[in-house]
Amino acid sequence: MTDRKETKGTSGRSYRGDAGLTSKVKKKRGLTASSRRWIERQINDPYVAEARSKGYRSRAALKLEQIDDKHKLLKTGQTVLDLGSAPGGWLQVTSNRIGLDEGKGKLAGIDLLDVDPITNALILKGDINDDEKLAELIAYIGGKADWVISDMAADTTGHRPTDHLRTTALLEMALDTAMRVLVPGGGFLSKCFQGGAEIELLTLMRQAFDQVKHIKPDASRSESVEIYVLCTGFKGVPEHYLFAD
Ligand SMILES: C[S@@+](CC[C@H](N)C(=O)[O-])C[C@H]1O[C@@H](n2cnc3c(N)ncnc32)[C@H](O)[C@@H]1O
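Under my numbering, the sequence shown has 645 at position 149, and the numbering climbs by one with no breaks.
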């Protein structure tokens, strides 16, 4: 068994971070079954504890950390655009890896929600579909990025086909943004919900990049349809592609 310390969950109760041990939340008035399931999943999830122990703002940070450890995306001094940044876990990992604290590299992010500041990064509150916000982000990075990374996800409705289409629309917007700013050889990493509608976008990615891989970091829940697409070696915008207005 893994040797994990006992620690406190968001609910304040003690738990051990080992997978397989399941703490239960007592049935209480005012707590829906799905909220109870969410809390139980959080307190029994070793990655929640790991993210907290590393000082990350989100469990999602571990996904980028694991992807970067394995595929070696981020390098000191690079320029990175992070789409769907809140609460800021990917910004933290990226900042560390490009050396932002030491004044190296450039990092800009955007989210519909507030994000606490990250030293030396520009973080906008707004919608990636808003032309003015997009122009502001692009101006900050001088029109060029080595990486566009996107963990954007729409609020889930519980209706899987709807959730798939909404998140695929965000993937499309992220890819459109990437093709506007990536330097030749640059890369694009994005969350993608499998379900069918993403296939046309994958074709476009294969035309625009040397390599397109599907990856699933360990921290991405196995029961989730979430995967990440990793595109490397930007070749340029395919001739037939028309940018979204
Ligand atoms: C899974 S969270 C991102 C977690 C983040 N990568 C981290 O490590 O903390 C997805 C985010 O996408 C954002 N989002 C969804 N639609 C968006 C849009 N149109 N423009 C900007 N952000 C968006 C949501 O507000 C949400 O905060």
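Quick reminder that beta carbons are idealized off the backbone N, C-alpha and C, glycines included.
Let me know if residue i comes out buried or exposed under the rule of 16 or more other beta-carbons within 10 Å of its beta-carbon.
| i | result |
| --- | --- |
| LYS709 | exposed |
| THR699 | exposed |
| THR652 | exposed |
| LYS621 | exposed |
| HIS736 | exposed |
| LEU517 | Legend: pLDDT at LEU517 = 47, less than 50; position of this residue unreliable, value from coordinates given subsequently. With fewer than 16 other Cβ atoms within 10 Å, it is exposed. |
| LEU738 | exposed |
| GLU598 | exposed |
| HIS655 | exposed |
| GLY692 | exposed |
| ARG702 | exposed |
| SER531 | exposed |
| ALA545 | buried |
| GLY639 | exposed |
| THR615 | exposed |
| LYS559 | buried |
What would DSSP say about residue i, mapped onto helix, strand or coil?
| i | result |
| --- | --- |
| LEU726 | strand |
| GLY585 | helix |
| ASP642 | strand |
| VAL575 | According to the sequence shown, residue 575 is Thr rather than Val. If DSSP states are grouped into helix, strand and coil, THR575 belongs with the strands. |
| SER716 | coil |
| SER686 | strand |
| HIS736 | coil |
| LYS731 | coil |
| VAL544 | helix |
| ILE619 | strand |
| LYS566 | helix |
| LYS550 | coil |
| ARG555 | coil |
| THR528 | coil |
| ASN625 | coil |
| MET648 | coil |
| ASP597 | helix |
| ILE637 | coil |
| GLU502 | Model confidence at GLU502 stands at a pLDDT of 32, short of 50, so the residue's coordinates are unreliable; what they give is reported in the following sentence. Strand, per DSSP. |
Do residue j and residue i come within 7 angstroms of each other at the CB atom, strictly closer than that value?
| i | j | result |
| --- | --- | --- |
| SER646 | SER686 | yes |
| ALA674 | VAL721 | no |
| ALA604 | TYR552 | no |
| ASP607 | GLY580 | yes |
| ALA704 | PRO680 | no |
| ASP706 | GLY729 | yes |
| ALA557 | GLN588 | yes |
| LYS712 | ILE723 | yes |
| ALA641 | LEU596 | no |
| PRO583 | SER549 | no |
| LYS602 | THR575 | yes |
| GLU694 | THR664 | yes |
| LEU570 | ARG593 | yes |
| ASP659 | ALA740 | no |
| MET669 | ILE624 | yes |
Sort out for me which residues DSSP pairs residue i with in a bridge.
| i | result |
| --- | --- |
| ILE614 | According to DSSP, which records beta bridges pairwise, ILE614 is partnered with nothing at all. |
| SER698 | Position check: residue 698 holds Leu in this sequence, whereas Ser was assumed. In the DSSP output, where bridge partners are listed per residue, LEU698 has none listed. |
| VAL708 | CYS727 |
| GLY681 | Paired residue(s): none; GLY681 is not in a bridge. |
| ALA604 | LEU577, LEU618 |
For chain D, check one thing: does any of its Cβ atoms lie closer than 7 angstroms to the Cβ of residue i?
| i | result |
| --- | --- |
| ASN592 | Chain labels in this structure do not include chain D; a single protein chain is all it has. |
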